[in-house]
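Chains as they are written, first to last, in our numbering: chain A, 10 to 583; chain B, -6 to 73.
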Amino acid sequence: MLDLSKYQSMGAALKDAVEVFASEVCLIEADRERENHRLTYRQFRDAAMPVARALQDFGFGATDRAAIVMTNQSKWLIAAYAIFYGGGVLVPLDHKLTAGEHWQLLKHSGARVLVTEYPIWRQLSVASERSEAHGLQTIVVTEAPPNVDLAGALRWENISTIGNSTGDPQFRLRTRSDLATVVYSSGTGGRPKGCMLTHENYLEQCAALTSLYPFAPGMRYLSILPTNHAIDFMVGFFGPFTCGAAVVHLRTLRPEFVREAFVKYKITYVSLVPLVLKNLQKGLQARFEALAPGKRKIFSVLVAVNKALTHSRPRLGLSRRLLKQVHQAFGGELRAIIVGGAFTEPETLQYFYDLGIPVANGYGLTETVVAVTVNNLKPFRADTVGKPLPGMEVRIINPDAAGIGEVKVRSKTVMSGYLNDPELTAETIVDGWLLTGDLGRFDASGDLQLLGRKKNMIVTEEGKNIYPEDVESVFESLAVKEFCVMAANYVWPQQTMVGEQLILVLHLEPGQTLTEGLCAEITARNNRLLNYKRVHGVLVMDEDFPRTASMKIKRNVLAEKLSKLARNGVVVKL
Amino acid sequence: MRTLEQTTQEVLELASKHFQAAPGSLAPDDDFFKKLGINSLQALELLSRLENHFSIELPDYEVQGVSDFRTLAARIQSRL
């Protein structure tokens, strides 16, 4: 792998990587059972150079921002390479957002270039919000069918022939403190939180992570999480590329083809969100339960033996022999499943570990690139999120008698701030420490345990951060005196990160009651939200909400008032 | 050859059957994530069912960003 301490920028490291590992396989893109592309690092470079040259011909300069809105595929990484080569700042956006949300973030980020896919552009191009994104000058669309009108966008296949220049584009050197990306952690409904991450943030994070979970030529990472996600961007692009490993993209995420890909491509690592990991667990459990009683008994004994022999550390070779069928179903070369984006229940983690499949469980935030702590597997601990990675300082602020307090982080991976939001930045980074808003404690062995949140938000099993303020608009003009949405565990701390829910707090007009009609109206409006954004219950409060001079709800004061009420007695389930 | 209306109706029927929604409770302009309360994995299940029913291949990326039955039916129609 490259010695990342010697590099000033991601672009410089990637530029060297494609030369050092020129003949190694770098990318495989498959669509169901068909393989679309297989590129070596040299071929990847050859594909990216015309894109970088075209961007420069269009006037895209160092420090300019370019957004990518694409599903996982080879052109995502080719475009990212081209952007970094030209010294640009990458804005990776979640392709699952709505067109309106995309335009909101494109405008907020100040992106000058957008690279997207035709099915996504088809929705984006007709959205009314497009007219407000004045700074966006160049739109490049991949996979556009011949003869369709691209509504002012350029075809990916044509861009290299539009510019005037020839030969290699100019490589633009950046320094470690320069901005590399703007990554939105959440807040599409109200206050976009664009984390400004530097080249140093990424270089340091990559070195720390690969010291525990190394990549090497010949290894293959299956890219399932969206590449805009902090985890996949690191372990599905920058990490494997700087180590000469290969990334496998699937153009479908149907379970049957994902299963095939593990075997066909002999996958080494994969990243999943807890929801998918749990689904995988259910699938495996169902298959084991369907075994004949005799076979099931033998299997249980083998799992118990594996569990005993891997108590202190993973022994992959041994586990692969003992539980051959399980490991063959995963291709036989899987070293670990990386899980993240949300809290994973210990029972699920332990289930996979007992099968001889280590799960790299950790803790991190977009504000720190990706990971702050990771389980080092020596020994595996399902009940913690591991120890701080090299270079990460983690402290507990004002711990209570049980050692629990807010987690704060100081490291070279902490973002420089939120884009266009100095106020929020000042609240979040204090004296060089990032205040995470998560509650935790260190156990006797120095492993971090997470035990709830200090901030008013929830994280779903799909890894979605939901801020109550962002879902309130659906209840606007509800016939009540006032209302707001709160995270239940913020009001009534539970010392857990699972089962987080939102509740709707109502203050009714004098003489008004929570009628069936009002509940039906709330339910109808609630159903307009995506399922993971919905409120789970209603609480009626009989006094005015505490507010600031500018009439904003003082949510911390409100939470304190509500916390005095018994949750089970006051929350009406929807 | 089915008309777009027929295709839309078949999509609605299949979705309501698969996710056990009351017959006739789904409309072409409904957002299927919201109306059925399903997540992205369940939406993939629906796509697989639709592929089998219509005997077509409907790539995930082709329906990226599509969330209403009418548009979904139109994407299917273009592949029939």
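Glycine included, each C-beta is placed from N, C-alpha and C at the ideal position. Remember, it's a predicted structure, so these values are computed and weren't measured experimentally.
Report all residues from its chain with a CB closer than 6 Å to the CB of residue i; omit the five preceding and five following residues, and keep chain order.
i	result
I475 (chain A)	I467 and K542
E509 (chain A)	I467 and N498
R185 (chain A)	Q17, H208 and E209
N45 (chain A)	E38
R47 (chain A)	I37
E470 (chain A)	P283, L284 and A351
M228 (chain A)	A254 and T277
R564 (chain A)	N465
G412 (chain A)	R450
F389 (chain A)	Y362
V272 (chain A)	G340
Q35 (chain B)	none
Short of 7 Å in beta carbon distance, which residues of its chain neighbour residue i, apart from the five on each side in sequence? Order them along the chain.
i	result
V381 (chain A)	Y372, G373, P397, L398, M401, V403 and V418
A61 (chain A)	A91, Y94, G95 and P178
L125 (chain B)	Since the first and last residues shown for chain B are -6 and 73, residue 125 (chain B) lies out of range.
T261 (chain A)	D40 and R41
A89 (chain A)	I77, L99 and F246
R537 (chain A)	V483
A136 (chain A)	A108, G109 and W112
L206 (chain A)	A189, T190, V192, V378 and M424
K582 (chain A)	H545 and G546
T80 (chain A)	H104 and E126
L327 (chain A)	L318
If residue i and residue j are in contact, beta carbons under 8 Å, what's the gap, nearest whole angstrom?
i	j	result
V547 (chain A)	L571 (chain A)	That belief does not hold up - the Cβ atoms of V547 (chain A) and L571 (chain A) are roughly 13 Å apart, past 8 Å.
V566 (chain A)	I512 (chain A)	Wrong, their Cβ atoms sit about 17 Å apart, outside the cutoff.
L11 (chain A)	D25 (chain A)	6 Å
I129 (chain A)	H104 (chain A)	6 Å
Y230 (chain A)	V257 (chain A)	7 Å
L443 (chain A)	K463 (chain A)	With a Cβ gap of about 13 Å, L443 (chain A) and K463 (chain A) do not count as contacting.
F30 (chain A)	P226 (chain A)	6 Å
E250 (chain A)	L23 (chain A)	According to the sequence shown, residue 250 (chain A) is Phe rather than Glu. So it is a contact: roughly 6 Å between Cβ atoms.
Q132 (chain A)	G17 (chain B)	Rounded, the Cβ-Cβ distance is 28 Å, inconsistent with contact.
L428 (chain A)	G365 (chain A)	Rounded, the Cβ-Cβ distance is 44 Å, inconsistent with contact.
Might you give, ordered along the chain, the residues of its own chain that have their beta carbon closer than 8 Å to the beta carbon of residue i, omitting 5 neighbours on each side?
i	result
L286 (chain A)	I346, V348, T353, T357, F361 and V368
L37 (chain B)	D53
A14 (chain B)	A8, K28 and L29
D22 (chain B)	D61, F62 and R63
F12 (chain B)	L29, I31, Q35 and L39
Rounded to the nearest angstrom, what separates residue i and residue j at their Cα positions?
i	j	result
F25 (chain B)	H46 (chain B)	18 Å
L19 (chain B)	K28 (chain B)	8 Å
Y211 (chain A)	P519 (chain A)	55 Å
D392 (chain A)	L300 (chain A)	30 Å
E33 (chain A)	R181 (chain A)	25 Å
V507 (chain A)	L460 (chain A)	10 Å
L332 (chain A)	D55 (chain A)	43 Å
D61 (chain B)	A67 (chain B)	10 Å
H336 (chain A)	K316 (chain A)	15 Å
P408 (chain A)	G414 (chain A)	4 Å
G161 (chain A)	A558 (chain A)	47 Å
V494 (chain A)	E28 (chain A)	53 Å
L574 (chain A)	P555 (chain A)	16 Å
Q458 (chain A)	V394 (chain A)	6 Å
G455 (chain A)	I405 (chain A)	12 Å
L289 (chain A)	R296 (chain A)	11 Å
I307 (chain A)	Q294 (chain A)	15 Å
Can you find a C-beta in chain C that's less than 8 Å from the C-beta of residue i?
i	result
Q57 (chain B)	No chain C is present in this structure, whose protein chains are A and B.
Problem set entry | At least three beta-carbon pairs within less than 8 Å, the segment 437 to 456 of chain A to the segment 409 to 426 of chain A | yes
For this session: Could you list the residues in the segment 7 to 29 of chain B with a C-beta less than 9 Å from some C-beta on chain A, going in chain order?
Result: D24, F26, K27, K28 and L29
Exercise. Three or more C-beta pairs closer than 8 Å, one from the segment 217 to 237 of chain A and one from the segment 273 to 282 of chain A: is that the case here?
Worked result: yes
Exercise. Residues in the segment 28 to 44 of chain B with C-beta within 8 Å of chain A's C-beta atoms, listed in sequence order?
Worked result: K28, G30, I31, N32, S33, L34, L37, L40 and S41
Problem set entry | Three CB pairs or more closer than 8 Å across the segment 55 to 74 of chain A and the segment 96 to 110 of chain A | yes
Problem set entry | Cβ contact check for the segment 139 to 151 of chain A and the segment 107 to 121 of chain A: 3 or more pairs under 8 Å | yes
Exercise. Name the residues in the segment 531 to 558 of chain A whose C-beta lies less than 9 Å from a C-beta of chain B; which are they?
Worked result: N536, R537, L538, L539, N540, Y541 and R543
Problem set entry | Residues, ordered as in the chain, of the segment 121 to 147 of chain A that lie near chain B by beta-carbon distance below 7 Å | E126, P128, I129 and Q132
Exercise. For the segment 225 to 241 of chain A, which residues have a CB atom closer than 8 Å to at least one CB atom of chain B, in sequence order?
Worked result: none
For this session: Taking a Cβ distance cut-off of 7 Å, strictly less, list which residues of the segment 247 to 264 of chain A are near chain B, in chain order.
Result: R260, T261, L262 and R263
Problem set entry | Short-range partners of chain B found in the segment 102 to 114 of chain A, where Cβ spacing is below 8 Å | H104, K105, T107 and A108
Exercise. Using a Cβ cut-off of 9 Å, which residues of the segment 32 to 59 of chain A contact any Cβ in chain B, in chain order?
Worked result: D40 and R41
Exercise. Just by C-beta distance, which residues in the segment 69 to 98 of chain A are closer than 7 Å to chain B?
Worked result: T80
For this session: Note down, in chain order, all residues in the segment 282 to 295 of chain A with a beta-carbon under 9 Å from any beta-carbon belonging to chain B.
Result: L284, V285 and N288
Exercise. Between the segment 476 to 496 of chain A and the segment 526 to 533 of chain A, do three or more beta carbon pairs fall short of 8 Å?
Worked result: yes
Problem set entry | Proximal residues, the segment 467 to 494 of chain A versus chain B, C-beta separation under 7 Å | E471
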